[in-house]
Structures are given as structure tokens and as C-alpha cells.
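Take the sequence shown: its position 196, counting from 1, is numbered 385 in the working numbering, and each next residue is one higher.
For glycine and all other residues, C-beta sits at the position ideal for the given N, C-alpha and C.
Every value quoted in this text rests on a predicted model; they were computed, and no experiment measured them.
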Amino acid sequence: MQQVSLIGVPTDIGASTIGCRMGPQGLRVAGITAALEAFGCDVRDVGDLAGPDNPQQPPVNGYRHLPEVVEWNKALYDAMSAELADGRMPIVLGGDHCLGIGSIAAIADHCRRVGKKLRVIWVDAHADFNTAELTPSGNIHGMPVACLTGHGPDELTRIGEHYPAMDPSEIRQIGLRSVDPGEKRFLRAEGIQVYDMRYLDEIGMRRTMKRALEGVDENTHVHLSLDLDFVDPTIAPGVGTPVVGGPTYREVSLCMEMLADSGQLASIDLVEVNPALDVRNATAQLAVDLVESLFGKSTLLRIHEGDPA
């Protein structure tokens, strides 16, 4: 039986638009616990972490709300570390994507302790690879990948036990379609493997996911960081930074199903669900639907990869 822990992180401290602080409750209302239990999971909801309110202040030295972002991420680092040490699969209910810093720093440290390789599958419309020098806004939800690879303030790049928390070779970014000019150059300079929407258009989701999962084996911890703005806003309207031209429902479902097929998915971030901008909680319901795909929902039983029973 898969032991799963839900960790609510009700904050929009790093976001450009308030509202995703309500994301954890939106996901609960959409039935995430019942959905996981239906797949035979032992679900432990540890409740919501506590942290500072969003002061809605302008950036200071290129960062908006840096002290508050640090506090939330440290709390999440500790909560993730505790659930991983207990042998459970943590699922972060966000909250904005700045939370990827504390979440993935904890996972990277766990992988080092248990001797596993790390593969982060980062699905997002944005690269989140800004720095204080590159950012047009100062919003830290646009910086977590940079911070995790060592580019940012010490308060964020050194949350975990190791600096940097992860190597650029450990991440695959999928679905990008809104990347700031400075980020484009920085992504190339750092060698981040990116499969943007043109790549998906040209070779398809199946081949993209096969490439993103190359090298994953039984000794790999796969972490999914799922920003719901990855999905086209026609089916995921409840996000703070929607970008048209995203994957369709079936493309996103295939992405999740292939992650499930890997057999190595061990932790998940569900972030940027913003009920204040949603339509009848549709985006949270979509997120729960995608989680079901991650835990084995499929149309048919399959004997071999791609073959119907």
C-alpha cells in the first residue's frame, strides 16, 4: 500500500497575483483524499503549514517578500523531510511555485541520504529561472529553479544541507512557452534540458516524455513539480499567470500516465491553483484528475508499453 502524505501550504507569498493561498482547500474540496484512497493509498493529511501573511509590498533589491518566502520554504523543507524520513510519499498542496525551493531541497537531501539519483520533472508554462538581475517583477515564484541550482540569495539557496541543492542535469522542464529574455540566455548557459511547446508540437508528448525519463531506473527518485499553468487556460482557468497555447487535456494526461508507468514517482508538488480566479473549482478538479493518472488511472489495462490488453 502506497503511503501518501498531503502537506497544505496556503500561501501566495511569491506570486504576482493573490489567491493561490486557497489552493490547498480547493484541492481538498475537489476530493484529492478520496481519489487517492480509491487507488488503495493510505492517505495522511498533515494539515496546513503556518507562515507569514502576504504583505503585498514592492521588491527590495530585486526580491519581493524575501523574508516571508524564506520562512514558508523552511517550514516546507522540515515538513517534507519528516514525511520522507517516515517512508511516505509527500504531495505538496500549494500555494505558489516558490515552494519548489523548500520542497525539492528536502527531496535532494533525502536522495543523498538514501543513495538515490534525483530526476525532477518540472512542468510549467514558465522557466522559473530568474534572478534578481534578470527578473522583470521580483516575484520569487519565477526563481525557484535558479535558487535550487545555486543562483540566488543565500537565504534560499542554502535552505538544505547542500549547496547547491541540485545540479542542472537533474531537471527536465516541459511545456515552457513564456520565458523572459534573460532567462533564455541563462537556461542555455547553465545547460538546463528544456522541452518547450514548440518541441512538444514537433515531436509529441510521448516522445518528449520518453526523452525526459531517459536514465530513470529503480534507483531513481522522480519528483513531479506540477504548475497548473502548464495546462492550456481553456481547461485550467484558475491560475495566476495563464499563458495560451498549452497542452490539451489528453496531452497532459499522457504526461502523467507515462510518469506513472516509470514506477519511480516518489513525490509531487501541486502548485498555483488559484480558486479566486477559477470557474466552479475546475482547475482543482483537473489537478485531482491528473493525480489519479499519476496513480494508475487509464482507459485500459496495459500489458506492454503502449499496447492495449
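How far does the alpha helix (DSSP H) with residue i in it reach, from first residue to last?
{"i": "Leu434", "result": "Reading off the sequence, residue 434 comes out as Gly, not Leu. Premise fails: Gly434 is in no alpha helix (DSSP H) and is neither H nor E."}
{"i": "Gly215", "result": "212 to 218"}
{"i": "Thr338", "result": "Looking at the DSSP string, Thr338 is not in any alpha helix (DSSP H), and its letter there is neither H nor E."}
{"i": "Ile202", "result": "Run containing Ile202: none; DSSP gives neither H nor E here."}
{"i": "Glu226", "result": "221 to 227"}
In the DSSP output, which residue or residues are listed as bridge partners for residue i?
{"i": "Gln382", "result": "Arg361"}
{"i": "Val460", "result": "Asp416"}
{"i": "His330", "result": "DSSP, once it has assigned bridges, lists no residue as partnering His330."}
{"i": "Pro279", "result": "Ser194"}
{"i": "Asp237", "result": "Gly197"}
{"i": "Ser487", "result": "Answer by DSSP bridge pairing: none, since Ser487 is not bridged."}
{"i": "Leu454", "result": "Val411"}
{"i": "Tyr266", "result": "In DSSP, Tyr266 forms no bridge with anything."}
{"i": "His315", "result": "Ser367"}
Would you kindly work out how many angstroms separate the C-alpha atoms of residue i and residue j, rounded to a whole number?
{"i": "Val462", "j": "Arg210", "result": "9 Å"}
{"i": "Arg174", "j": "Tyr388", "result": "Nothing in the structure corresponds to residue 174, since the chain is present only between 190 and 498."}
{"i": "Val368", "j": "His315", "result": "6 Å"}
{"i": "Ala401", "j": "Gln382", "result": "8 Å"}
{"i": "Pro199", "j": "Pro244", "result": "14 Å"}
{"i": "Ala239", "j": "Ala294", "result": "19 Å"}
{"i": "Gly485", "j": "Thr397", "result": "20 Å"}
{"i": "Lys306", "j": "Leu337", "result": "16 Å"}
{"i": "Arg308", "j": "Leu225", "result": "23 Å"}
{"i": "Pro464", "j": "Asp285", "result": "12 Å"}
{"i": "Glu344", "j": "Asn262", "result": "10 Å"}
{"i": "Gln192", "j": "Cys230", "result": "6 Å"}
{"i": "Val312", "j": "Phe419", "result": "6 Å"}
{"i": "Tyr438", "j": "Ala473", "result": "14 Å"}
{"i": "Leu376", "j": "Glu391", "result": "21 Å"}
{"i": "Asp317", "j": "Ala378", "result": "15 Å"}
{"i": "Glu341", "j": "Glu260", "result": "Reading off the sequence, residue 341 comes out as Gly, not Glu. Distance between the alpha carbons of Gly341 and Glu260: 16 Å."}
{"i": "Ala498", "j": "Gln214", "result": "Interpretation of Ala498 is limited by its pLDDT of 44, a score under 50 that renders its predicted location unreliable; no figure is taken from the coordinates."}
Grab the span of the beta strand (DSSP E) containing residue i for me, first residue to last.
{"i": "Lys306", "result": "306 to 312"}
{"i": "Ile196", "result": "192 to 198"}
{"i": "Asp298", "result": "Not the beta strand (DSSP E): Asp298 falls in the alpha helix (DSSP H), residues 289 to 303."}
With residue i and residue j assumed to form a contact (beta carbons below 8 Å), what rounded beta-carbon distance in angstroms separates them?
{"i": "Asn319", "j": "Gly331", "result": "5 Å"}
{"i": "His195", "j": "Val232", "result": "Sequence inspection shows Leu at residue 195; the His mentioned does not correspond to that position. At roughly 7 Å, the Cβ-Cβ gap stays under 8 Å, so Leu195 and Val232 are in contact."}
{"i": "Ser487", "j": "Glu446", "result": "6 Å"}
{"i": "Gly435", "j": "Asp467", "result": "Actually they are not in contact, since the Cβ atoms of Gly435 and Asp467 sit about 16 Å apart, beyond 8 Å."}
{"i": "Arg395", "j": "Leu443", "result": "6 Å"}
{"i": "Ile348", "j": "Cys287", "result": "With 8 Å as the limit, Ile348 and Cys287 do not qualify as a contact, their Cβ atoms being about 11 Å apart."}
{"i": "Val477", "j": "Leu448", "result": "Not quite, the Cβ-Cβ distance comes to about 16 Å (not below 8 Å), so this is no contact."}
{"i": "Leu282", "j": "Gly212", "result": "6 Å"}
{"i": "Thr430", "j": "Ser205", "result": "6 Å"}
{"i": "Gly197", "j": "Asp237", "result": "4 Å"}
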